[in-house]
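Protein chains in written order, with the numbering used here: chain Z, 1 to 271; chain G, 272 to 542. Quick reminder that beta carbons are idealized off the backbone N, C-alpha and C, glycines included. Here the structure is a predicted model, which means the values were calculated and not measured. This report concerns only the one structure given below.
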């Protein structure tokens, strides 16, 4: 981009933001693991998807941490109205991404945390508590799994589509875009038969770790993708928004991210 | 069935077979976790799929356990030729199901172990070491997760296809059947948009636990499905073979298993 406004942010501030994101991830992990043991209340939203007491309680706890430490920052979460929506800094998170897995006990659910400055990500973290997986990144400071800095290799030249490892959203997410989304699901699964569908942010971790060559996300709200861009870009990967649609309750996004060559191949396939 | 020949097997023998299956699962777990730490050799098979030193070493170790304890039993594994293929009792296993996940460190790989008597399953076990997941079953003795006996509830009456939880094989597996397999992948993912694709036997555990309502497996060899039938049937679920094709290197199977009503719905969809 012509001018990256993130360069205006002092590194010391980026480090403070990152420290808060990691404390938020710790808080979420502690709560979600405890709730998996103690039990929680489950309800259905009007669209039939689950929401639990864990979603509400965890989002409130994370909101309180931001409001205490950075009262001038905005907050966008899945379950409550936006706080200070005009602020330059916006904390965007999904306390329980993969609520259906949280309810059934499949260990792929996690917490997504991002801080964006004028719409551009500065800090990102994903925590998958039952898998003991954590990945975090901050602008200019790199992407880390624990203490280990991640440097994503590119897709090996000559890797056939049949051997390329692809993760993607379920058809339910593609269908939210209208008919063309459905077509894209078919085109992707035909071109890349070696695919996995997890329906949680664990797939974003796999993209940052290079365990999948590319991840294709459809029908996402902003909190679902709050961390992916900075996690991938700071690891040497690429993040590309395929489409952004305005919808009631906020924009719906489609994005592809992972090893640069694999991302370029998917963009070409869907063009 | 008219006459279940498994009733001829003394319960004491079933218990001994089950005990061996569990020791084999322990042995596989110990080896696979150690190899994840120490590292292992990786090669590509002619079809591009991975095979590792872990596959060979683990299969040899499990074979030796069977040959020592039940020298009159046959053994069928993925990596070595069949042993005593005419024996009534056949131990059938896949030491590392999900080798690609084993190589990339995604924790969904596991070991599948089954004992069949005249082609019908008597004992089954799946161990997913990195997730600390184990499920086992024996004819007449039930399905267990650790000490807990599993009783699968049926699909709630009135559950819409959109909310039904489906796991299925990737299109790569469906395509092994020829064109109609591809059509079945489309039909399933359209009818059941809330689907997950793991590409390992962890999905079979999820079916036994009721974490998915149904699992649809295509393009499988006999060792991939060595445990699923007994795990599901002894838990009160249903297992149904959709198709069995003769192919070089052994039959290729498609099967659906899970909550009885969900299995019936999938059979009707694909009829």
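| Asked | Found |
| --- | --- |
| Could you check how far apart the C-beta atoms of residue 55 of chain Z and residue 99 of chain Z are, in whole angstroms? I think they sit under 8 Å. | 6 Å |
| Name, please, each residue of chain G whose Cβ falls closer than 9 Å to the Cβ of residue 131 of chain Z. | 378, 401, 402 |
| Looking at the strands, I want to know which residues DSSP matches up with residue 147 of chain Z. | In the DSSP output, where bridge partners are listed per residue, residue 147 of chain Z has none listed. |
| Taking residue 104 of chain Z as the query, report the chain G residues whose CB atoms sit under 9 Å from its CB, ordered along the chain. | 436, 477, 480, 481, 482, 483 |
| Are the CB atoms of residue 485 of chain G and residue 479 of chain G within a distance shorter than 8 Å? | no |
| Check whether the Cβ atoms of residue 333 of chain G and residue 364 of chain G lie closer than 8 Å to each other. | yes |
| Pick out the complete alpha helix (DSSP H) segments inside the region 399 to 457 of chain G, 4 residues or longer, and give them in chain order. | 442 to 446 |
| Shorter than 8 Å from the beta carbon of residue 218 of chain Z to some beta carbon of chain G? | no |
| If I follow the unbroken beta strand (DSSP E) through residue 95 of chain Z, where does it start and stop? | 89 to 97 |
| Show which residues of chain Z have a CB atom less than 9 Å away from the CB atom of residue 464 of chain G. | 170, 171, 172, 173, 174, 175 |
| Identify the continuous beta strand (DSSP E) that holds residue 217 of chain Z and give its terminal residues. | 214 to 220 |
| Can you pull the DSSP bridge partners for residue 50 of chain Z? | Z/44 |
| So what's residue 192 of chain Z in DSSP terms, helix, strand or just coil? | coil |
| Closest to residue 148 of chain Z by CA distance: which of Z/77, Z/155, Z/135 is it? | Z/135 |
| So if DSSP puts residue 529 of chain G in a beta bridge, which residue, or which two residues, is it bridged to? | G/485, G/509 |
| So with Cβ pairs under 8 Å, would you call residue 127 of chain Z a contact of chain G? | no |
| Could you check the C-alpha separation between residue 506 of chain G and residue 395 of chain G for me, to the nearest Å? | 12 Å |
| Is it right to say residue 31 of chain Z is buried, meaning 16 or more other beta carbons lie within 10 angstroms of its own, or is it exposed? | buried |
| Looking only at C-alpha atoms, which of G/489, G/515, G/514 sits nearest to residue 474 of chain G? | G/489 |
| Does the CB of residue 506 of chain G have a neighbour CB from chain Z at under 8 Å? | no |
| Would residue 460 of chain G and residue 171 of chain Z qualify as a contact pair, given that the criterion is a beta-carbon distance under 8 Å? | yes |
| What residue from Z/119, Z/42, Z/58 has the CA that sits closest to residue 74 of chain Z's CA? | Z/119 |
| For residue 33 of chain Z, report the span of its alpha helix (DSSP H) as first-last. | 11 to 38 |
| Could you name the residues of the same chain whose beta carbon sits closer than 8 Å to that of residue 212 of chain Z, not counting the 5 residues immediately before and after it, in chain order? | 165, 166, 167, 196, 203, 206, 258 |
| Whose C-beta lies closer than 7 Å to the C-beta of residue 504 of chain G among residues of the same chain, with five residues either side of it excluded? | 510 |
| Closest Cβ-Cβ distance between residue 111 of chain Z and chain G: below 8 Å? | no |
| Taking Cβ-Cβ distances below 7 Å as the criterion, which residues of the region 45 to 67 of chain Z are in contact with chain G? | 48 |
| Put residue 475 of chain G into one of helix, strand or coil per three-state DSSP. | helix |
| Look at the alpha carbon of residue 341 of chain G and the alpha carbon of residue 360 of chain G, and state the distance between them as a whole number of angstroms. | 9 Å |
| Helix, strand or coil for residue 269 of chain Z per DSSP? | helix |
| Report yes if the C-beta of residue 306 of chain G is less than 7 Å from at least one heavy atom of the ligand COA; otherwise report no. | Inclusion of the ligand COA in the displayed structure is not the case, the ligand content being empty and no account of it being possible. |
| From residue 541 of chain G to residue 532 of chain G, what does the alpha carbon distance come to, in whole angstroms? | 14 Å |
| Alpha carbon to alpha carbon, how far is residue 423 of chain G from residue 417 of chain G? | 16 Å |
| For residue 46 of chain Z and residue 154 of chain Z, I'd like the C-alpha separation in whole angstroms. | 42 Å |
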